[in-house]
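Trainee: Residue numbers (this note's numbering): 35 to 381. Ideal placement from N, C-alpha and C gives every residue a C-beta, glycine not left out.
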Amino acid sequence: MITVGMSTSCVFPRPADEAFRLARRVGYGGVEVMVTADRGSRDASLLRASVARWGLPVLSVHAPVLPAAHFALGRDQRDKLLRSAELAAELGAPTVVVHPPFRWQRRIAARFVEVVRDVEAATGVELAVENMFPWRLGPVVADVYSPGHDPVRLDVAATTLDFSHAAVAGRDALDLALALGPRLRHVHLCDGTVSARPGGLVDEHLVPGTGTQPVAEVLSHLAASGWSGAVVAEVHADRRGAGEESLVDALRRTLSFAREALRAPRAAVGQATSTVATTASGTATTATTRPPSTMRPQATSTPIDVSRPCQSSVASEAQGATRQPMLTPISTATSRSGDPATGSSAR
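1) Does DSSP put Trp138 in a helix, a strand or coil?
2) Do Gly245 and Phe197 have their beta-carbon atoms positioned less than 9 Å apart in this structure?
3) Counting only the same chain and skipping the five closest in sequence on each side, list residues whose C-beta sits under 8 Å from that of Leu240.
4) Mind the definition here: the segment 88–104 touches the segment 140–157 only if three or more C-beta pairs lie below 8 Å; say whether that holds.
5) Should Ala295 be flagged as near chain C, meaning a C-beta pair shorter than 9 Å?
6) Apart from the five residues on each side of it in sequence, which residues of its chain come closer than 7 Å, Cβ to Cβ, to Asp339?
7) Near Trp88, what residues of its chain come up, given a Cβ to Cβ distance below 7 Å and the 5 sequence neighbours on each side ignored?
8) Mind the definition here: the segment 163–183 touches the segment 133–147 only if three or more C-beta pairs lie below 8 Å; say whether that holds.
9) Bridge partners of His96, per DSSP?
10) Are the CB atoms of Ala97 and Val154 within a distance shorter than 9 Å?
11) Straight-line CA distance for Asp51 to Gly74?
12) Which ranges does the beta strand (DSSP E) cover as unbroken runs of at least 3 residues, wholly within the segment 179–227, from first to last along the chain?
13) If contact is defined by three or more beta carbon pairs under 8 Å, each pair taking one atom from either stretch, is the segment 80–94 in contact with the segment 275–292?
14) What are the start and end residues of the beta strand (DSSP E) that includes Ser41?
15) Mapping the DSSP letters down to three states, classify Thr356 as helix, strand or coil.
16) Ignore the nearest five residues each way along the sequence and tell me which others in Arg117's own chain have a CB closer than 6 Å to its CB.
17) For Leu121, collect the residues of the same chain with a Cβ closer than 7 Å to its Cβ; drop the 5 residues on either side in sequence, then sort them by chain order.
18) Could you tell me if Glu278 is buried or exposed, where buried requires 16 or more neighbouring beta carbons within 10 angstroms of its beta carbon?
19) Val159 and Val202: beta carbons closer than 9 Å?
20) In its own chain, which residues sit with a C-beta less than 8 Å from the C-beta of Arg219, not counting the 5 before and 5 after it?
21) Among Val132, Asp113, Val92, which has the Cα closest to the Cα of Leu417?
22) Quick check on Asp169: does DSSP put it in helix, strand or coil?
This is the structure in structure tokens:
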């Protein structure tokens, strides 16, 4: 049975214990702990107290990401991953969600895949690398992540699929799920508006069903295939300081959506597609059966090829795309913590 959990990031900047309370109130089956500056999100004894108080297990830990947790678990990026995995092991959580490093984090970026394997071997916890997205800076598309934003291309054993990140990348989430295959171990449940110009929209983390990603289709496919990972809500439910009832409503709609999609999985029949999965070890082409489509978003079925840090998008504009103002993938609106949001705070 697939467990549907809730990330503490759904209610950030509320403390982690408050996230446990709300997850229990709404009916989620567990919690993903996003490590932040909040001590309650990184202290094993405090988290065990929350687990006991609210009767919900920790399903996964999300390693700290910039800037919300710049100094959480230390300054060294490798140590952050190791300490996140050690925290997960203490709490009995099998998975740590990690982002690929930024290009300017050269030390960890040069050895990222090796570090992931070393930490997994040392702790017995899986590090599931999350799909990210290129950033658009005017007419230029830049892959600010290294070894890259697309985990399909990384030689790692476990990955996380985030629907909102796929939308910003202009990627169809079902195609991404099929390309990841058995390496897909964890899902961030949300939605997003697919961009015709990758990197040109905000990282929305909408309630599922309110964007253009095939969220129900992916969940149904996973249920039909006997998948056994965790689906964790990661919606921006507390934006603009919404009151608790508004927050609870968004969390309930998210949970109901997941339960409905997972309850009656569609038969895994339909058009066979050739999925090319490129990793650091080479390229493998496999035939995959694609579930019948319902409402298909206008998204690319292949990853954006950003082989260099930047690539021009002039060609796409010549094909009739409407020029947009200079944007980064993250909204420039004021964040819940009061600081201007930046691309590095992507979840």
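Mentor: This is what the structure gives:
1) Within the sequence shown, numbered from 1, the residue matching residue 138 stands at position 104. Of the three classes helix, strand and coil, the one that applies to Trp138 here is coil, per DSSP.
2) Numbered from its first residue, the sequence shown carries residue 197 at position 163. Numbered from its first residue, the sequence shown carries residue 245 at position 211. Cβ atoms of Phe197 and Gly245: closer than 9 Å.
3) Here the question's residue 240 lines up with position 206 in the sequence shown. Contacts found: Ser198, Cys224, Asp225, Gly226, Thr227, Val269, His270.
4) When Cβ pairs closer than 8 Å are counted between the two stretches, the segment 88–104 is seen not to touch the segment 140–157, the count staying below three.
5) Among the chains in the structure shown there is no chain C, since it carries only a single protein chain.
6) Within the sequence shown, the letter at position 305 stands for residue 339. Any reading at Asp339 must be qualified, since the residue scores a pLDDT of 45, below 50, and its modelled position is unreliable; the value itself is stated next. Counting only Cβ-Cβ distances below 7 Å, and skipping sequence neighbours, we find nothing.
7) Along the sequence shown, read from residue 1 onward, the residue named residue 88 stands at position 54. Take Trp88, set aside five residues on each side of it, and the residues of its chain with a beta-carbon closer than 7 Å to its own are Phe54, Arg55, Arg58, in chain order.
8) These segments touch.
9) For the purposes of this step, residue 96 is taken as the residue at position 62 of the sequence shown. Note: His96 sits in a beta bridge opposite Met68, Val131.
10) The residue given as residue 154 occupies position 120 in the sequence shown. The residue given as residue 97 occupies position 63 in the sequence shown. Per the sequence shown, residue 154 should be read as Glu rather than Val. Ala97 is positioned such that its CB atom lies no closer than 9 Å to that of Glu154.
11) On the sequence shown, position 17 is the one that residue 51 refers to. On the sequence shown, position 40 is the one that residue 74 refers to. Taking the straight line joining both Cα atoms gives about 7 Å.
12) With a minimum length of 3 residues, the continuous beta strand (DSSP E) runs that stay inside the segment 179–227 are 193–196, 218–223.
13) Touching, no, given that fewer than three Cβ pairs across the two stretches are closer than 8 Å.
14) Here residue 41 corresponds to residue number 7 of the sequence shown, with the count starting at 1. For Ser41, the enclosing beta strand (DSSP E) stretches over residues 37–41.
15) For the purposes of this step, residue 356 is identified with residue 322 of the sequence shown, where counting begins at 1. Caution applies to Thr356, whose pLDDT of 34 falls short of 50 and renders its modelled position unreliable; the model cannot decide the point.
16) As a first step, residue 117 is located in the sequence shown; it is residue number 83 there, counting from the start. These residues qualify, in order along the chain: Leu107.
17) Numbered from its first residue, the sequence shown carries residue 121 at position 87. Within the same chain, and ignoring the five residues on either side of Leu121 in sequence, the residues whose Cβ sits closer than 7 Å to its Cβ are Arg76, Ala78, Val95.
18) For the purposes of this step, residue 278 is taken as residue 244 along the sequence shown, with counting starting at 1. Residue environment analysis places Glu278 among the exposed positions, since fewer than 16 neighbouring C-beta atoms fall within 10 angstroms of its C-beta.
19) Residue 159 sits at position 125 when you count from the first residue of the sequence shown. Residue 202 sits at position 168 when you count from the first residue of the sequence shown. In this structure, Val202 does not lie closer than 9 Å to Val159 by Cβ.
20) Translated into positions along the sequence shown, residue 219 becomes position 185. Exclusion of the five residues before and after Arg219 leaves Thr129, Glu160, Ala162, Ala192, Thr193, Thr194, Gly263 as the residues of its chain whose Cβ lies within less than 8 Å of its Cβ.
21) Residue 417 is absent from the model: the chain starts at 35 and stops at 381.
22) By 1-based counting over the sequence shown, the position of residue 169 is 135. First, the amino acid is wrong: residue 169 is Trp here, not Asp. Shown here, Trp169 sits in a strand according to DSSP, grouped into three states.
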